[in-house]
Amino acid sequence: MRGFLFLGLLFLSISSVFGQDRQTFFTGFFPELSLTKKLENSNKLNFKVENQHVMYDNRIGDKLQFDHYRTDVMGFYDWKLTASTSAAIGLFHRFQDGADGNRIIQQYAFLNRLRSFQVGHRLRTDQTFTKGQNVEWRLRYRIASEIPLSGAKLDPGESYFLISSEPIFSLKGGSFNLENRLIFTLGKLYPKNQKLEYSIDYRTDGFFNNRFRTRLWPKIGYYYNF
Amino acid sequence: MRFIKTVVFSIFVFPFLPSFGFAQNEVKIEREVGIKEKLVPSEASEWLYDAFEEAKKPNWFQEFSLNGYSYEAKFRLEGKYYSVEFDSLGKIEDVEIEMDFDELDDSVKKNLNQYFSDNYEVHKISKIQIQYTGEEDDLEDFFDENEKEGVTVRYEIEYRGKVSNKVDEIWEGTFGADGTFITKRKIEIRITDNLIF
């Protein structure tokens, strides 16, 4: 309960600061679903869907809306390299009004198991192809710490706190951009390899071209590994 | 701002509903929960402070398994991590202390290296704990006065091991006082998809 209160207050304080500001700010609803099939050779197949609906945009004014912003569908083949490292390639399609796009993704991930929490590192490169636009090249690195809230290790039925940060460097048509994603999550591990997460995803970009933008997404994520 | 509050309210209240649904179907096989020292059997906390007078603010855990439950105290002393396990009545079961490979006797290192090179193509040790088991008084004498009588020494070693043509796995192996292999069990890593995808 205290965790939910923390996430709620965090959301309110960030939206209060940026909701009134002149810089672009929008927020909404962001559910995500991730299904992972473990293969016999220990590799994995992952399917993921993310959906973003905008409920408030300060460019439109003080008006509640429920507009589809984008839906991303992606699939990954993940090779287990060692017990704690893996490499994956992924294909991605974006449904967005006037900006449908395709992306290919390459990633390397490794897990640090520490005494009372674990840290996941993910290095990704991707190339996005959108009709009528230059190819966007991105390099991103995410560090995420998952901390069990009871006991030193996470067991089924227990909750955890997760914080992650991901700087994303992009190059598109000679223009360089930097985005950062900071995510606070309260999650719970359920039996049969299921995780349910409630997050505040705070994204900032447009640092260099005077188009500073913040996006704040309350997220609900469901992960199932079978 | 009213609508933002409405959004927050709806988003942070309705999540409790699915949580309820999931929670009712839980089957917990093994878990540990942090607990306050006052909830630990006094026999356990008294033994701990008798044997380790310098121990400050240990973290106490209650561990549940299919066989019942036990208690564990974890603390740091003189730069080393200690883990002391008690049964459900507070009787001492074992003491484990983390150590580096370099601190092992040469004969132990030799036997361990022999085991790993005989059984794995690639291996990497991530954690070594020296484990002391014995009767309550024997263990207390060992830590108070370094009297070794009645105390059994073993090593618990967590390592990554790769057998040729197979992917590597994480194992917890138990080795005798001279570093000879006794038994091992595979360590399952919980779902980490949220950290990878």
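Protein sequences appear in the order of chains A and B. Anchor point for the first sequence: position 77 equals 79 in my numbering, and the numbering is continuous, going up by one each time. Anchor point for the second sequence: position 56 equals 68 in my numbering, and the numbering is continuous, going up by one each time. Every residue, glycine too, gets a C-beta built ideally from N, C-alpha and C.
For residue j and residue i, the rounded distance between their alpha carbons
| i | j | result |
| --- | --- | --- |
| ASP190(B) | ASN104(A) | 59 Å |
| ALA101(A) | PHE209(B) | 23 Å |
| ARG124(A) | ARG144(A) | 5 Å |
| PHE31(A) | THR192(B) | 57 Å |
| GLU108(B) | LYS50(B) | 23 Å |
| SER82(B) | ASP149(B) | 19 Å |
| ASN123(B) | LEU116(A) | 27 Å |
| LEU191(A) | GLU66(B) | 37 Å |
| LEU9(A) | GLU181(B) | 36 Å |
| PHE68(A) | ILE47(B) | 45 Å |
| LYS65(A) | PRO220(A) | 18 Å |
| LYS46(A) | GLN196(A) | 16 Å |
| TYR127(B) | GLU42(A) | 28 Å |
| ILE222(A) | LYS40(A) | 23 Å |
| VAL165(B) | TYR61(B) | 22 Å |
| ASN158(B) | ALA63(B) | 11 Å |
| SER152(A) | GLY5(A) | 13 Å |
| SER129(B) | HIS135(B) | 8 Å |
| LEU7(A) | ASN60(A) | 25 Å |
| ILE199(B) | ASN125(B) | 21 Å |
| LEU280(A) | LEU78(B) | Here chain A has residues from 3 to 228 only, and residue 280(A) is not among them. |
| TYR58(A) | ARG213(A) | 18 Å |
| THR204(B) | ILE62(A) | 39 Å |
Spatial neighbours of residue i in its chain, beta-carbon cut-off 7 Å, leaving aside the 5 residues before and after
| i | result |
| --- | --- |
| ALA35(B) | Low per-residue confidence applies at ALA35(B): pLDDT is 43, beneath 50, and the placement is therefore not dependable enough to give any value. |
| TYR110(A) | ALA89 and LEU125 |
| SER100(B) | GLY80, TYR81 and SER82 |
| ASP106(B) | GLU97, GLN143, TYR144 and THR145 |
| VAL247(A) | Only positions 3 to 228 of chain A appear in the structure, and residue 247(A) is not among them; the question remains open. |
Contact check, residue i vs residue j, beta carbons under 9 Å
| i | j | result |
| --- | --- | --- |
| ASN182(A) | ASP207(A) | yes |
| LYS85(B) | TYR94(B) | Contrary to the premise, residue 85(B) reads as Ala rather than Lys in this sequence. Yes. Within cutoff. |
| LEU173(A) | GLU148(A) | no |
| ARG140(A) | PHE94(A) | no |
| ARG215(A) | THR29(A) | no |
| VAL96(B) | PRO70(B) | yes |
| ALA146(A) | VAL121(A) | yes |
| GLY189(A) | ASN177(B) | no |
| GLY162(B) | GLY146(B) | yes |
| LEU37(A) | PHE186(A) | no |
| ASP166(A) | PRO150(A) | The amino acid at residue 166(A) is misidentified as Asp; the sequence shows Ser. Their beta carbons are not under 9 Å apart, which means SER166(A) does not touch PRO150(A) by this criterion. |
| LEU180(A) | ARG205(A) | no |
| ASN48(A) | ASP80(A) | yes |
| VAL179(B) | THR84(A) | yes |
| GLY92(A) | PHE78(A) | yes |
Minimum C-alpha distance to residue i - residue among the options
| i | options | result |
| --- | --- | --- |
| TYR167(B) | ASP112(B), ASN71(B) and ASP153(B) | ASP112(B) |
| ARG172(B) | ARG197(B), LYS160(B) and PRO53(B) | ARG197(B) |
| PHE209(A) | PRO169(A), LEU113(A) and ARG72(A) | PRO169(A) |
| TYR155(B) | GLU200(B), LEU89(B) and ASP205(B) | A small fix is needed here, since residue 155(B) is Phe in this sequence, not Tyr. Looking at the Cα atoms, LEU89(B) is the closest of the given residues. |
| LYS194(A) | PHE119(A), LEU12(A) and TYR226(A) | TYR226(A) |
| TYR230(A) | SER86(A), TYR200(A) and GLY77(A) | The structure shown does not extend to residue 230(A), since chain A spans only 3 to 228, so no value can be given for it. |
| GLU115(B) | ASP106(B), PHE98(B), GLN141(B) and SER100(B) | GLN141(B) |
| VAL229(A) | ILE91(A), ARG61(A) and ARG96(A) | The structure shown does not extend to residue 229(A), since chain A spans only 3 to 228, so no value can be given for it. |
| LYS139(B) | THR186(B), TRP72(B) and ASP62(B) | THR186(B) |
| THR195(B) | ALA63(B), SER100(B) and ILE169(B) | ILE169(B) |
| THR132(A) | GLY63(A), GLN98(A), ILE91(A) and ASN48(A) | GLN98(A) |
| GLU110(B) | ILE199(B), LEU78(B) and TYR144(B) | TYR144(B) |
| TRP183(B) | ILE137(B), GLU157(B), PHE87(B) and GLU75(B) | ILE137(B) |
| PHE76(B) | LEU11(A), ASP157(A), ARG213(A) and SER177(A) | ASP157(A) |
| ILE201(B) | THR130(A), ASN136(A) and THR87(A) | THR87(A) |
| GLN135(A) | GLY176(A), MET76(A), LEU198(A) and SER118(A) | GLY176(A) |
| LEU198(A) | LEU7(A), LEU35(A) and LEU11(A) | LEU35(A) |
Contacts around residue i, its chain only, beta-carbon distance under 6 Å, and the 5 residues preceding and following it disregarded
| i | result |
| --- | --- |
| GLY159(A) | none |
| TRP59(B) | ILE104 |
| SER44(A) | LYS82 |
| GLY102(B) | PRO53, GLU55 and ALA56 |
| ASP128(A) | ARG105, ILE107 and ARG140 |
| TRP72(B) | ILE47, GLU49, VAL52 and ALA85 |
| ASP153(B) | GLU159 |
| GLY91(B) | none |
| PHE87(B) | ALA67, PRO70 and TYR94 |
Residues bridged to residue i (per DSSP)
| i | result |
| --- | --- |
| ILE169(B) | ILE140(B) and GLY185(B) |
| LYS92(B) | LEU89(B) |
| SER217(A) | With the sequence shown as reference, residue 217(A) is identified as Arg, and Ser is not the correct amino acid for it. Per DSSP, PHE28(A) and ARG205(A). |
| GLY77(A) | PHE49(A) and LEU93(A) |
| LEU207(B) | Paired residue(s): none; LEU207(B) is not in a bridge. |
| SER177(A) | LYS174(A) |
| LEU141(A) | THR127(A) and PHE171(A) |
| LYS82(A) | SER88(A) |
| PRO150(A) | TYR162(A) |
| SER36(A) | LYS50(A) and TYR225(A) |
Contact set for residue i: own chain, Cβ-Cβ below 8 Å, skip 5 residues either direction
| i | result |
| --- | --- |
| VAL175(B) | ASN131, TYR132 and GLU133 |
| PHE119(A) | SER147, GLU148, ILE149 and PRO150 |
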